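Quick note on UniProt numbering: the sequence shown kicks off at 177 and runs consecutively. C-beta: ideal position from N, C-alpha, C; glycine also. Fair warning: this is a prediction, and the values are worked out from it, not measured in the lab.
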Amino acid sequence: TQPGVLAGVNIVISAGPTREPLDPVRYITNRSSGKMGYALAAAALSSGANVTLVSGPVSLPVPAGAKLIPVETALQMYDAVITHSRTADIYIGAAAVADYRPQQLAERKIKKGDDTSNIPLAKNPDIITAVANLQPKPLVVGFAAETDDLENYAKHKLQSKNLDLIAANWVGQTEGGFESDRNALQVFWPGGQQILPMTDKNTLAAQLLKLIAEKLHEKNPV
Ligand code: C5P
């Protein structure tokens, strides 16, 4: 992305995993390093955007200039994302949100002898779908990490979640995906697609952001 191409644009990015507590010492989570979301935040800042980074627990430095909103659970992430997306031009949902949370949070540590062979779960809200239903709707960009049938799942999510763009990547391959510093993406939007070949996540973030900026300018021509 060229410097200035997103000057003054408000971008909300969610990144990292969420943590759904079972008791004071245990939680359910997803695999996610947060690297892609943080790389996108850094790329957006260098192109002049105002960046709000709603982040689950990760061990990454916060890109200088980003407004960090740290969260743990999916419900906290939902509240922070919705609040900030109301005034956003772009929402990028790069977080690995836990689909379910334990229905109850035990006040004390669950003991081995306790009857815990079943953990009742409650479904978490789909954050990106809620953003896509806001009025006015920001440009909404999602991710899809898939182990099989990437193209079909990604296209289906693009439509069912009412997204403007979806970046899909293979997981469980020898290269790319979780924890890795490298990745490749297949990007879909209504009526088009583009492959961004395997490279480091910073280069990839800049390439993806360039596509996102094009979509924003198509949506809001000057
Ligand atoms: O349905 P799936 O989880 O594969 O969709 C991935 C996309 O949906 C990602 O952009 C992710 O951040 C978003 N998502 C969300 N809220 C959820 C689950 C997924 O925003 N509860």
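Here residue 241 is actually not in contact with residue 181; their C-beta atoms are around 16 Å apart, not less than 8 Å.
For residue 340, there is no enclosing alpha helix (DSSP H), as DSSP marks it with neither H nor E. When the beta-carbon positions are compared, residue 264 and residue 188 come within less than 8 Å of each other.
Residue 297 is bridged by DSSP to 278. Per the Cβ contact rule, the stretch 355 to 367 is in contact with the stretch 337 to 345 (3 or more Cβ pairs under 8 Å). Counting every other CB atom within 10 Å of its CB across the protein chains shown gives residue 371 a total below 16, marking it as exposed.
Rounded to whole angstroms, the gap between the alpha carbons of residue 369 and residue 299 is 31 Å. Residue 366 counts as exposed, since fewer than 16 other C-beta atoms from the protein chains shown sit within 10 angstroms of its C-beta.
Below 8 Å, enough C-beta pairs join the stretch 381 to 393 and the stretch 211 to 221 to call them touching: three or more. Comparing C-alpha distances from residue 220 to each of 250, 363 and 184 shows the shortest one belongs to 184. Close CB contacts of residue 340 within its chain, under the 8 Å cut and outside five residues either way in sequence, are with 315, 316, 317, 365, 366, 391 and 395 (chain order). Taking residue 258 as reference, the option from 296, 310 and 349 with the minimal CA-CA separation is 310. 8 Å or more divides the Cβ of residue 205 from the Cβ of residue 253. For residue 190, the closest of 293, 249, 296 and 333 by C-alpha to C-alpha distance is 249.
In the DSSP assignment, the residues bridged to residue 364 are 342 and 369. Under the three-state reduction of DSSP output, residue 190 falls in the strand class.
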